[in-house]
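>
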Amino acid sequence: MEQKLKASEAKYRGFFKTSRDPVFVTFKEGRLIDFNDVMPEFFGYQTREELLKIRIPEHYENPDDWEKFTRTIEQHGFVKEFPVNLRNKDGSIINTLITSVLIKDNDGARIGYQGTIRDITERKRAEDQIKASLKEKEVMLREIHHRVKNNLQVISSILNMQARAIKDENMRVILLESKNRINSMALIHSQLYESENLSEINMKRFVDKLLLRSLHSYPVPDTKITPIVHGDECPLLISIAVPVGLVVNELLTNAFKHAFANRKEGKIEVSLCASEKGVVSLTVSDDGVGLPEGFDINATKTLGLHMVKILVEDQLDGKLTVIQDMGTTFKVEFAVARE
């Protein structure tokens, strides 16, 4: 059988001599039959005779990998870039990729394996260094988001204290609205700090939390408000999420303050979804009393709605539409770059 195996490999002799990677031929149990001159040095042996005495599985760091290797090659007839950690004679670990094919004799019986071993130790070390560096940067970025959130909360607390000390109701409302705008930005950084993904915000989760906060910040006496959120997760980059968050905050504030005067109950709905073409659609609607007659979003003097218009058109490069039908609906559409 050994002679048949060697004969079948004669045509690969040139490849054996010229390959810079170890090339091997083994029986099915892993005993070496033939190999190129690179192989002994690769495993740390001085002579071919020493290497012929070993079985390849003895140099597998994890014995289960040999079983997986043989199972795969027996099933498919080959393996390509099979990842294996091999142990050198001195015990050091070599990260490798093995590409191998099943060898059969003239009768079709499976008698061994032939393949090459690619040393990727340096590449693996470089990859590990990159991963460690990315992990370090991730920790730093997470800490930055945490500190930004804390700093914004400090500003929010200062505005809240100032609002409590002011007797002028109009000025107090202005300070509280400014506080809530800051809180909406802090909520984004808080969510990034808690998230596994530090580059994108799950906007549905953000809207859920913001809607509940608005419900608490702007209670409507004797009115039961039902908050509803529709849509998918709609992940957005922080550069987009911050202005979108401010837009949602302003529209919710406007609805809670003005939509339900003299109403026993009301409903506020927020819908957020993205199309396959990368167009995000945001709607904030209520079933309240509606906007004043003759309202024009382009001529509004209200700071909140004027801010919404600027954020949508200038920062999001989007379109703002106001629909008045059984209440009020603000619809925002903007495009985001797809990966």
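Per the numbering used here, the sequence shown starts with residue 1098, numbered consecutively. Ideal placement from N, C-alpha and C gives every residue a C-beta, glycine not left out. All values derive from a computational prediction rather than experimental measurement.
#1: Note down, in chain order, each residue of its chain lying with its Cβ closer than 8 Å to the Cβ of I1170, except the 5 sequence neighbours on either side.
#2: To test your reading of the DSSP string, which unbroken beta strand (DSSP E) runs of 3 or more residues are found completely within the stretch 1231-1303?
#3: Can you give me the C-alpha to C-alpha distance between N1346 and S1230, rounded to a whole angstrom?
#4: Just verifying my parser: in three-state terms, what is the DSSP assignment at N1182?
#5: Beta carbon of S1382, beta carbon of C1370: below 8 Å?
#6: In three-state DSSP terms, what is K1125?
#7: With DSSP run on the structure shown, which of helix, strand or coil describes P1332?
#8: Let me know the secondary structure DSSP gives F1353 once reduced to three states.
#9: According to DSSP, what are the bridge partners of E1362?
#10: Could you spell out the range, first to last residue, of the alpha helix (DSSP H) harbouring K1406?
#11: Give every residue of the same chain whose Cβ lies closer than 8 Å to the Cβ of T1323, excluding the five residues on either side of it in the sequence, and list them in chain order.
#12: So, are the CB atoms of T1397 and E1274 less than 8 Å apart?
#13: Does the distance from the CB of K1301 to the CB of V1326 come in under 8 Å?
#14: Have a look at A1260 and H1286 and give me their C-alpha separation to the nearest angstrom.
#15: Apart from the five residues on each side of it in sequence, which residues of its chain come closer than 7 Å, Cβ to Cβ, to P1318?
#16: Have a look at the DSSP bridge pairing and note the partners of R1445.
#17: Whole angstroms are fine: how far does the CA of I1241 sit from the CA of F1392?
#18: Would F1303 and L1289 be called neighbours here (beta carbons separated by less than 8 Å)?
#19: Whose CA, out of F1427, Q1412 and L1413, lies closest to the CA of G1387?
#20: Along the beta strand (DSSP E) that carries G1135, what are the first and last residues, could you check?
#21: On the DSSP letters alone, give me the boundaries of the beta strand (DSSP E) that I1151 sits inside.
#22: Evaluate the contact criterion for the stretch 1182-1191 versus the stretch 1149-1159: three or more CB pairs, one atom per stretch, below 8 Å.
#23: Whole-angstrom Cβ separation of K1276 and N1257, contact assumed at under 8 Å?
#24: Per DSSP, D1131 forms a beta bridge with which residues?
#25: Excluding the five sequence neighbours on either side, which residues of its own chain have a C-beta within less than 7 Å of the C-beta of N1133, listed in chain order?
#26: What residue does the beta strand (DSSP E) around T1418 start on, and which one ends it?
Answer, in terms of the structure:
#1: V1176, S1197, V1198, L1199 and Y1210
#2: 1297-1299
#3: 37 Å
#4: strand
#5: no
#6: coil
#7: strand
#8: helix
#9: K1321
#10: L1400 to I1407
#11: E1362, G1363, K1364 and I1365
#12: no
#13: yes
#14: 24 Å
#15: none
#16: Since the first residue shown for the chain is 1098 and the last is 1436, residue 1445 is missing from the structure and cannot be characterised.
#17: 42 Å
#18: no
#19: F1427
#20: Residue identity differs from the one stated: residue 1135 is Val in this sequence, not Gly. That residue, V1135, is in no beta strand (DSSP E); its alpha helix (DSSP H) goes V1135 to F1140.
#21: It is not in any beta strand (DSSP E) - I1151 carries neither H nor E in the DSSP assignment.
#22: yes
#23: 6 Å
#24: V1122
#25: F1113, K1114, S1116, P1119 and V1120
#26: K1416 to Q1421
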